[in-house]
Amino acid sequence: MRGRPKKENTRDIVYKVRLNEEEDRMLTQASEWTSQAKSEVFRKALQVYYKSVELNEHLSNKEFEDSGWALDHISQQRIIRCPYSDCEEEFAVDFADYSEEQESEGSMGQRCEHVFDIDDLECPVCRRLIHVRGVISEYPVGAYEYEQIEIDEGAAENE
Ligand SMILES: [Zn+2]
Numbered sequence: 003m004r005g006r007p008k009k010e011n012t013r014d015i016v017y018k019v020r021l022n023e024e025e026d027r028m029l030t031q032a033s034e035w036t037s038q039a040k041s042e043v044f045r046k047a048l049q050v051y052y053k054s055v056e057l058n059e060h061l062s063n064k065e066f067e068d069s070g071w072a073l074d075h076i077s078q079q080r081i082i083r084c085p086y087s088d089c090e091e092e093f094a095v096d097f098a099d100y101s102e103e104q105e106s107e108g109s110m111g112q113r114c115e116h117v118f119d120i121d122d123l124e125c126p127v128c129r130r131l132i133h134v135r136g137v138i139s140e141y142p143v144g145a146y147e148y149e150q151i152e153i154d155e156g157a158a159e160n161e
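Next up, the structure:
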């Protein structure tokens, strides 16, 4: 019988985490898409978050100021759904092509909010105009904080 490795990876610490409906939907969906247990989705998400915050923590130190290192911003690529009820096509948009950065200083370092207001986005299927506005925020830089994206039918359709 082969012995276990010396450094056992026992998971005997238990957290109870409260989720709202939307977070539960995301967890369930991510679990289904990747065929992984929900707990594994949590652990992977933690690892990604940890690494980005760790990087920010080290690179924001004075000694790194002149090193030429720059923190990568988070992705602003999102799947949005056409708001016209007879279409509802889902397609990808990179809001980095449209957003402006608003920076502010917080206790964890710099916050960077990517703000966009697009009134001439065209649905790739029905070709109608879509109005999308919102914000994707990273805080500290490199780590996802929150987002709010509103999608409406374009102005031209309402005239
Ligand atoms: Zn459409």
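Residue numbers 3 to 161, in this note's numbering, belong to the letters of the sequence shown in order.
Every residue, glycine too, gets a C-beta built ideally from N, C-alpha and C.
Please read these numbers as outputs of a predicted model, since none were measured by experiment.
Considering only the beta carbon of each residue, do G111 and S62 sit closer than 8 Å?
Their beta carbons are under 8 Å apart, which means G111 touches S62 by this criterion.
Using DSSP bridges, identify the partner residues of R83.
Under DSSP, R83 forms a beta bridge with E92.
With H, G and I counted as helix, E and B as strand and the rest as coil, what does DSSP make of D122?
Assigned with DSSP and collapsed to three states, D122 falls in strand.
Where the alpha helix (DSSP H) through E23 begins and ends:
Unbroken alpha helix (DSSP H) run through E23: E23 to T36.
Between the Cα of R129 and the Cα atoms of C84, A39 and S33, which residue gives the shortest distance?
Minimum Cα distance to R129 is reached at C84.
Give the C-beta separation of F118 and S139 to the nearest angstrom, bearing in mind that I take them to be a contact with Cβ-Cβ under 8 Å.
Cβ-Cβ separation between F118 and S139: approximately 12 Å, too far for a contact (criterion under 8 Å).
Excluding sequence positions up to five away, which residues of its chain have a Cβ less than 6 Å from the Cβ of G156?
Cβ within range, chain order: L131, I132 and H133.
On the DSSP letters alone, give me the boundaries of the alpha helix (DSSP H) that V43 sits inside.
Segment K40 to L61, the alpha helix (DSSP H) holding V43.
Quick one: Cα of D154 to Cα of A98, how far?
For D154 and A98, the distance between alpha carbons rounds to 19 Å.
V127: beta carbon under 7 Å from a heavy atom of ligand 1?
Closer than 7 Å to some heavy atom of ligand 1: that describes the Cβ of V127.
Considering only residues of the region 121-153, which uninterrupted beta strand (DSSP E) runs meet the minimum length of 3 residues and lie entirely inside it, listed in chain order?
Within the region 121-153, the complete beta strand (DSSP E) runs of at least 3 residues are 131-140.
Can you grab the Cα-Cα spacing for the pair L57 / Y148, in whole Å?
The C-alpha of L57 lies about 19 Å from the C-alpha of Y148.
CB-CB under 6 Å to F93, same chain, minus the five flanking residues each way: which ones, in chain order?
Close CB contacts of F93 within its chain, under the 6 Å cut and outside five residues either way in sequence, are with P126 (chain order).
How would you call L123, buried or exposed, if buried means at least 16 neighbouring beta carbons within 10 angstroms?
It counts as buried.
Would you mind giving the Cβ-Cβ distance between I76 and Y146, rounded to the nearest angstrom? I have them listed as a contact below 8 Å.
Yes, I76 and Y146 are in contact; Cβ-Cβ is about 5 Å, under 8 Å.
Check: R80 C-beta below 7 Å from any heavy atom of ligand 1:
Within the chosen limit of 7 Å, ligand 1 does not reach the beta carbon of R80 with any heavy atom.
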